[in-house]
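Beneath this line is the structure, given in C-alpha cells, with notes to follow.
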Amino acid sequence: MYGAVPLCDQVADILGKVADILGKATESVPPEEISESNPHLKSLYEGLKMTEAQLITVFRRHGVVPINPVGEKFDPHQHEALFQQEVEGVQSGHVAVVTKIGYKLHERTIRPALVGVAK
Numbered sequence: 002m003y004g005a006v007p008l009c010d011q012v013a014d015i016l017g018k019v020a021d022i023l024g025k026a027t028e029s030v031p032p033e034e035i036s037e038s039n040p041h042l043k044s045l046y047e048g049l050k051m052t053e054a055q056l057i058t059v060f061r062r063h064g065v066v067p068i069n070p071v072g073e074k075f076d077p078h079q080h081e082a083l084f085q086q087e088v089e090g091v092q093s094g095h096v097a098v099v100t101k102i103g104y105k106l107h108e109r110t111i112r113p114a115l116v117g118v119a120k
C-alpha cells in the first residue's frame with residue numbers, strides 16, 4: 002500500500018494543477034461579460050465551471066479536500082508561507098492571502114496552501 006504513495010502524490014499534484022488552471026480561467030472572466038449578448042463566452046465559462054465542479058466532486062469522493070485557509074491561524078503542516086505583511090483587520094499570525102489552494106487526502110496534507118501571513 003505504501004509503495005503507491007508516490008504515485009498518488011503525483012496524480013494529486015497533476016489534478017491539483019488542473020484545478021488551479023480551471024479556477025484561474027473562470028476567475029479571469031469579468032462577470033459583466035457572461036451574458037446572452039456574448040453566448041460563446043457564456044457557454045465556455047459554464048463548461049469550465051461544470052468541469053471544475055466535477056473535478057471537485059471526484060476529489061471529495063476519494064477523500065481529497067481543498068485547503069483554503071483565509072483568516073485561519075497559520076499552520077506549517079498545512080500552509081507554506083510565501084510572505085508576511087501588515088494587513089488591517091487580520092490578526093498577526095493568521096493567513097491574509099491564499100495564492101494557491103492546498104489539498105489534504107484523508108487528513109494528510111498532500112499539497113500545502115501557499116499563503117501570505119499577517120504580521
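Each residue of the sequence shown is one higher than the one before, starting from 2 at the first, in the working numbering. Virtual Cβ for every residue (Gly too), placed ideally from N, Cα, C.
Sequence-distant residues of the same chain with beta carbon closer than 6 Å to residue i, five excluded per side
i, result
"Gly103", "Ile68, Arg112, Pro113, Ala114"
"Leu56", "Ala20"
The alpha helix (DSSP H) enclosing residue i, as first and last residue numbers
i, result
"Pro113", "Per DSSP, Pro113 belongs to no alpha helix (DSSP H) and is neither H nor E."
Spatial neighbours of residue i in its chain, beta-carbon cut-off 8 Å, leaving aside the 5 residues before and after
i, result
"Glu34", "Leu42"
"Asp21", "Lys101, Ile102"
"Ser93", "Ala119, Lys120"
"Leu83", "Thr100, Leu115, Val116, Gly117"
"Phe75", "Ala82, Gly94, His95, Val96, Val116, Val118"
"Val36", "The sequence as given places Ser at residue 36; Val does not occur at that position. Around Ser36: Lys43."
Expected contact under 8 Å - CB spacing of residue i and residue j to nearest Å
i, j, result
"Glu87", "Lys50", "Going by Cβ atoms, the distance from Glu87 to Lys50 rounds to 35 Å, so no, they are not a contact pair."
"Gly1", "Val98", "The requested residue 1 does not occur in the structure, where the chain is confined to residues 2 to 120."
"Val96", "His80", "6 Å"
"Thr52", "Leu23", "6 Å"
"Gly13", "Leu106", "In the sequence under discussion, the amino acid at residue 13 is Ala, which differs from the Gly named in the question. Going by Cβ atoms, the distance from Ala13 to Leu106 rounds to 7 Å, so yes, they are a contact pair."
"Tyr46", "Val30", "5 Å"
Where the beta strand (DSSP E) through residue i begins and ends
i, result
"Val65", "65-68"
"Glu81", "80-86"
"Lys101", "96-101"
Residues bridged to residue i (per DSSP)
i, result
"Leu45", "DSSP lists no partner for Leu45."
"Ala119", "Gln86"
"Leu106", "Val65, Arg109"
"Lys74", "His95"
Cβ neighbours of residue i in the same chain (closer than 7 Å, five flanking residues each side left out)
i, result
"Asp10", "Ile111"
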